[in-house]
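Enquirer: Protein chains in written order, with UniProt numbering: chain F, 1 to 305; chain C, 1 to 305; chain X, 1 to 305.
From the three backbone atoms N, C-alpha and C, an ideal C-beta is built for every residue, glycine too.
Supplied in structure tokens, the structure appears directly below.
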Amino acid sequence: MAAATVTLARRIARSGVLFPRSSPQVWGQASRQPPGLLSTQHRAFSNKKILVELDTSSGVATMKFKSPPVNSLSLDFLTEFCISLEKLENDRACRGLIITSTIPRVFSSGLDIMEMCGKSTEHYAEFWRAVQEMWLRLYGSNMVTVAAINGSSPAGGCLIALSCDYRIMVENPKYVIGLNEAQLGIVAPFWFKDTFVNAVGHRVAERSLQLGLLHSVPEAHQIGLVDEVVPEEKLQDKAVAVVAQWLALPDHARQLTKSMMRKAVLDHMLAHREEDIQNFVNFISKDSIQKSLSMYMEMLKKKKS
Amino acid sequence: MAAATVTLARRIARSGVLFPRSSPQVWGQASRQPPGLLSTQHRAFSNKKILVELDTSSGVATMKFKSPPVNSLSLDFLTEFCISLEKLENDRACRGLIITSTIPRVFSSGLDIMEMCGKSTEHYAEFWRAVQEMWLRLYGSNMVTVAAINGSSPAGGCLIALSCDYRIMVENPKYVIGLNEAQLGIVAPFWFKDTFVNAVGHRVAERSLQLGLLHSVPEAHQIGLVDEVVPEEKLQDKAVAVVAQWLALPDHARQLTKSMMRKAVLDHMLAHREEDIQNFVNFISKDSIQKSLSMYMEMLKKKKS
Amino acid sequence: MAAATVTLARRIARSGVLFPRSSPQVWGQASRQPPGLLSTQHRAFSNKKILVELDTSSGVATMKFKSPPVNSLSLDFLTEFCISLEKLENDRACRGLIITSTIPRVFSSGLDIMEMCGKSTEHYAEFWRAVQEMWLRLYGSNMVTVAAINGSSPAGGCLIALSCDYRIMVENPKYVIGLNEAQLGIVAPFWFKDTFVNAVGHRVAERSLQLGLLHSVPEAHQIGLVDEVVPEEKLQDKAVAVVAQWLALPDHARQLTKSMMRKAVLDHMLAHREEDIQNFVNFISKDSIQKSLSMYMEMLKKKKS
């Protein structure tokens, strides 16, 4: 993961984030002060695309995606996401994380197609490494992670939800969730697939991935893609209650158990990480793929206007 | 797979099929002509045991098993099956395949016990290689494959259904489906088991295989062994609709996704193919097994008369 | 498994059990006499903690845990259990096994915490090897094994049930079952996890293990942790009927099928057995773990008084 760290560090420097890895983590340090010294029980931390709020009394942080129009996972978004995850992971005051969206009707639209279209192979490689890094940090997080899915969540958005410990989705006939890569003429990488299979089993995954299905909320619930469905107004309370339930367990035992359950899939990806980047770069650089992504983007633009 | 190809080529020559691999594929070539040059939208291709019809307008072929009394998988049947699969696979006009039966009340009764009883070890080996070849081609097919199961489907018949992308079964209280090898005193090979586990999960497979269960249609539906149940008169339309749904996806993305889902199980078999043949030959040659198969055949004969 | 055998033999000698492995197995020999020579159809065999009854007419043995107060799996209990399993396994008159409890409201409370608290590392190692041995024998048994769960069954008690071929539980709102190790601040070993995943699938296992859930009977049924739920008075008859159903299959085919289904998980443990013992010893010897187990024992004592 050395290369990834270098890349992230470079991006941190580039994006002007305040807390690079090598310098003192001001925010992290604060959390290690005795509770009595803290002026408030809440600390907030906002970058451009994600708002992070930490309730130090409960030890639960909330990440709010706020990147219009659809919280797409651009390289900038992913970089912010990884940095925020790393900061929370290293912050002893933080034990749980709720991920949600401030954008109406969308949790996250998935990978930003702009990053995969008409760019250099170096850019594709850097982008893909950031996607991997996000998943590695979230799927392997020591924190209790709950996805509070308050909008549609296709492709990479679905992956974020799948990488959490628990998924709560708002009941709304317009919301959908799934790994719909095949619909765009591309293929979900093997570790998206592994994460999906771990949640819904082999048979459901086989059909859903081949058809690139976007499941309605009741269907997602029925196949086990989400764990619970609630009305919008109860989402936040439910997410807080679920995190509290999981935090009632001794951290160490829970973390070791989580690692035991997810290690095989994480290790498999790490063992093939560079190969996976190369595969992505080769695939996305193909004329046919570039053409079909361009057409898809045109279609999206027309839809808007 | 060289040995398998040689065996198949030899059998092709023996069975007098018109299109051996090394000579021009007349039927296949036709399909590469511009659509306008084709005199009809339908082409049919019939061997002794399987009728193949291709609708070139939709790109969907239908294979109809027509080998009385019960579509048992003899060496001749398997050879025809493999040849037909290979021809369709190589035919660009064909993207989807529906498999069904013309024999009342039976989809396929599974491996032909006659091929496993009182024959030479060479014959057992050739037979087993043909069973493997059939599964390798069907489970790994690039086509969209739908089993339209219009009758009972034990053992090898169930394997054919399991190897398709989607299974639709006719609702009929007399029809059953399952891997019932244990009932006959034999053991489903590991790749039958892997295919079964991929469809229904480990626990259901463990019980069903140990008890050699033949499931009723509602039960098969409930455990996920079949995906959908329809009245007989709606089977054909439903199968056509399902293939159309799957063909709406870009071929390349769908095929790569399918390969990703099935590769581990296919590779596992290929890595142990010769060993698996040897195991089968050793097992089936045992006096105790020969005796129990003979008794089973006697029982079947008495049932008939 | 040489070391394990030595350990078991030593314990057999120590516990004064009548039939050590190296001397003639009196009980086993009897079963190899022609049926006509047997004076009765029932033979019973009682150690201190487990009563074993064999119905030679049906070939079904029943093991009744009778170790007050809660059938906890002490080293003595495990040793008796392994010896009884070995004897039944080697007895041709015995083909099926029902495991149940004579203690009201408890099937088995799991590993005896006394064995893990304030003892030597040698003791921890011997204890853990006995836990492994029990699972290896039960999960890999050639007999048809049915758990007749007539009480709560946490942790190691749940493992015993999971290692059988079929689980029937008494419907009682007070009974619970699950791998609740995480609640005690410890971690279920990987082969507990593998056994659990084989029964309920990855997703259910991930949540249940991380939360250390003890499931109610309906919930256990719904997630597939138990196969069937019956009123207390029907438990025995149901267990007998289930064993009979499984014994109707040819032994050889059923046993090979069972082995095929469970081999991967058994082999995985065997390949890491010594490492697993070392991990357990290191983990359990930690001050923090010793402290939390002591506190848990104190709590249990207070509960009683």
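1) In whole angstroms, what is the alpha-carbon distance linking residue 254/C and residue 300/F?
2) According to DSSP, residue 154/F sits in a beta bridge with which residue or residues?
3) Please name the residue, chosen from 113/C, 132/C, 256/C, 79/C, that lies closest to residue 181/C on a Cα-to-Cα basis.
4) Look at the alpha carbon of residue 230/X and the alpha carbon of residue 200/X, and state the distance between them as a whole number of angstroms.
5) Are the C-beta atoms of residue 206/X and some chain F residue less than 8 Å apart?
6) Under 8 Å, CB to CB, which of the residues in the segment 244–259 of chain X have a partner in chain C?
7) Count Cβ pairs between the segment 159–174 of chain X and the segment 222–241 of chain F that sit closer than 8 Å; are there 3 or more?
8) If you reduce the DSSP assignment to three classes, tell me which class residue 215/F lands in.
9) Beta-carbon of residue 261/X versus every beta-carbon of chain C: anything under 8 Å?
10) Taking C-beta pairs closer than 9 Å, name the residues in chain F that residue 199/C reaches, listed in chain order.
11) Would residue 295/C be called buried (16 or more neighbouring beta carbons within 10 Å of its own) or exposed?
12) CA-CA distance, residue 261/C and residue 206/F?
13) What is the DSSP secondary structure of residue 65/C, reduced to helix, strand or coil?
14) What residues in its chain sit with their C-beta under 6 Å from that of residue 62/X, if we drop five residues either side in the sequence?
15) Which same chain residues, not among the five before or five after residue 187/C, have their C-beta less than 8 Å away from its C-beta?
16) Measure the C-alpha to C-alpha separation of residue 77/C and residue 240/X and round it to an integer number of angstroms.
17) Assuming residue 194/F is part of the alpha helix (DSSP H), what are its boundary residues?
18) So the alpha helix (DSSP H) residue 285/C belongs to, where does it begin and stop?
19) Grab the span of the beta strand (DSSP E) containing residue 127/C for me, first residue to last.
20) Compare the C-beta of residue 165/C against all C-beta atoms of chain F and say whether one is closer than 8 Å.
21) If we define contact as Cβ-Cβ less than 8 Å, is residue 264/X a contact residue for chain F?
22) Rounded to the nearest angstrom, what separates residue 246/X and residue 251/C at their Cα positions?
23) Step through the CB atoms of chain C and report whether any lies within less than 8 Å of the CB of residue 32/F.
24) Grab me the residues of residue 141/F's own chain with a C-beta within less than 6 Å of its C-beta, minus the 5 sequence neighbours each way, in chain order.
25) At a CB distance below 7 Å, what residues from the segment 208–233 of chain F approach chain C? Give them in sequence order.
26) Counting C-beta neighbours from all protein chains within 10 Å, is the total for residue 202/C 16 or more, i.e. buried, or is it exposed?
27) Going by beta carbon distance, what residues of the same chain come within less than 8 Å of residue 174/C, once the five residues before and after it are set aside?
28) Which two residues bound the contiguous beta strand (DSSP E) that contains residue 52/C?
29) Going by DSSP, what residues sit across from residue 96/F in a beta bridge?
30) Drop a sphere of 10 angstroms on the beta-carbon of residue 121/X, count the other beta-carbons inside from all chains shown, and report buried for 16 or more, exposed for fewer.
31) Tell me which same chain residues have a C-beta within less than 7 Å of the C-beta of residue 139/C, skipping the five on either side of it?
32) Just the C-alpha distance for residue 157/X and residue 85/F, rounded to the nearest angstrom, thanks.
33) Starting from residue 314/X and walking both ways along the beta strand (DSSP E), at which residues does that stretch end?
34) Does the distance from the CB of residue 176/C to the CB of residue 221/C come in under 8 Å?
35) Considering only DSSP beta bridges, list what residue 167/X is partnered with.
36) For residue 271/C, count neighbouring C-beta atoms within 10 Å of its own C-beta (all shown protein chains included) and say buried if the count is 16 or more, exposed if not.
Expert: So, from the data block:
1) If you number the second sequence from 1, residue 254/C lands on position 254. If you number the first sequence from 1, residue 300/F lands on position 300. If you draw a straight line from the Cα of residue 254/C to the Cα of residue 300/F, it is about 22 Å long.
2) Translated into positions along the first sequence, residue 154/F becomes position 154. The partner list for residue 154/F (beta bridge, DSSP) reads 178/F.
3) On the second sequence, position 181 is the one that residue 181/C refers to. Selection 113/C, 132/C, 256/C, 79/C evaluated against residue 181/C yields 113/C as nearest (Cα-Cα).
4) Walking along the third sequence from the start, residue 230/X turns up at place 230. Walking along the third sequence from the start, residue 200/X turns up at place 200. Approximately 20 Å between the Cα atoms of the pair.
5) By 1-based counting over the third sequence, the position of residue 206/X is 206. Output row for residue 206/X: interface = yes.
6) Answer set for the segment 244–259 of chain X: 245, 246, 249, 250, 252, 253, 254, 256, 257, 258.
7) Short answer: they don't touch.
8) In the first sequence, the residue the question calls residue 215/F occupies position 215. Annotated three-state conformation of residue 215/F is strand, per DSSP.
9) Working through the third sequence from its first residue, we reach residue 261/X at position 261. For residue 261/X, the answer is yes, since a Cβ of chain C falls inside 8 Å of its Cβ.
10) By 1-based counting over the second sequence, the position of residue 199/C is 199. The contacting residues are 202, 203, 206.
11) Position 295 of the second sequence, counted from the first residue, corresponds to residue 295/C. Around the CB of residue 295/C, fewer than 16 other CB atoms lie within 10 Å, so the residue is classed as exposed.
12) What you label residue 261/C is simply residue 261 of the second sequence in a count that begins at 1. What you label residue 206/F is simply residue 206 of the first sequence in a count that begins at 1. Straight-line Cα distance between these residues: approximately 6 Å.
13) One-based indexing of the second sequence puts residue 65/C at position 65. Strand, per DSSP.
14) For the purposes of this step, residue 62/X is taken as the residue at position 62 of the third sequence. Excluding sequence neighbours, residue 62/X sits near 53, 98.
15) Taking the first residue of the second sequence as position 1, residue 187/C is located at position 187. Cβ contact annotation for residue 187/C (same chain, cutoff 8 Å, sequence separation greater than five): 181, 283, in chain order.
16) Your numbering for residue 77/C matches position 77 in the second sequence. Your numbering for residue 240/X matches position 240 in the third sequence. Linking residue 77/C to residue 240/X through their CA atoms gives a straight-line distance of about 43 Å.
17) Position 194 of the first sequence, counted from the first residue, corresponds to residue 194/F. Counting along the chain, the alpha helix (DSSP H) containing residue 194/F begins and ends at 190–200.
18) Taking the second sequence and counting its residues from 1, the one referred to as residue 285/C is at position 285. Where residue 285/C is concerned, the enclosing alpha helix (DSSP H) stretches over 273–285.
19) In the second sequence, residue 127/C corresponds to position 127, counting from 1. Not the beta strand (DSSP E): residue 127/C falls in the alpha helix (DSSP H), residues 121–139.
20) What you label residue 165/C is simply residue 165 of the second sequence in a count that begins at 1. Interface residue, yes.
21) Walking along the third sequence from the start, residue 264/X turns up at place 264. So no, residue 264/X is outside the interface.
22) Within the third sequence, residue 246/X is the residue found at index 246, counting from 1. Within the second sequence, residue 251/C is the residue found at index 251, counting from 1. Residue 246/X and residue 251/C: Cα-Cα distance of roughly 45 Å.
23) By one-based count along the first sequence, residue 32/F stands at place 32. With a pLDDT of only 37 at residue 32/F, under 50, the local geometry of the prediction cannot be trusted, and the value read off the model is given with reservation. No, no contact with chain C.
24) Your numbering for residue 141/F matches position 141 in the first sequence. If we look at residue 141/F and ignore the five residues flanking it on each side, it has no Cβ neighbours.
25) For chain C, the residues of the segment 208–233 of chain F that bring a beta carbon within less than 7 Å of one of its beta carbons are 209, 210, 211, 212, in chain order.
26) Residue mapping note: residue 202/C aligns to position 202 of the second sequence, counting from 1. With 16 or more other Cβ atoms within 10 Å, it is buried.
27) Residue numbering aside, residue 174/C sits at position 174 when the second sequence is read from its first letter. 105, 152.
28) Mapped onto the second sequence, residue 52/C falls at position 52. Residues 50–55.
29) Here residue 96/F is taken as the residue at index 96 of the first sequence, counted from 1. Residue 96/F pairs with 60/F, 144/F.
30) As a position in the third sequence, residue 121/X is number 121, starting the count at 1. Counting Cβ neighbours within 10 Å, residue 121/X comes out exposed, since fewer than 16 surround it.
31) Position 139 of the second sequence holds residue 139/C. Closer than 7 Å at Cβ, skipping near neighbours: 163, 195, 262, 266.
32) As a working note, residue 157/X is residue 157 in the third sequence. As a working note, residue 85/F is residue 85 in the first sequence. So the two alpha carbons sit approximately 39 Å from each other.
33) Lying outside 1 to 305, the shown extent of chain X, residue 314/X is not represented and no answer is given.
34) Counted from its first residue, the second sequence places residue 176/C at position 176. Counted from its first residue, the second sequence places residue 221/C at position 221. In this structure, residue 176/C lies away from residue 221/C, with their beta-carbon atoms at least 8 Å apart.
35) The residue given as residue 167/X occupies position 167 in the third sequence. DSSP, once it has assigned bridges, lists 147/X as partnering residue 167/X.
36) Locating residue 271/C in the second sequence gives position 271, where the first residue counts as 1. When all chains shown are included, residue 271/C counts as exposed.
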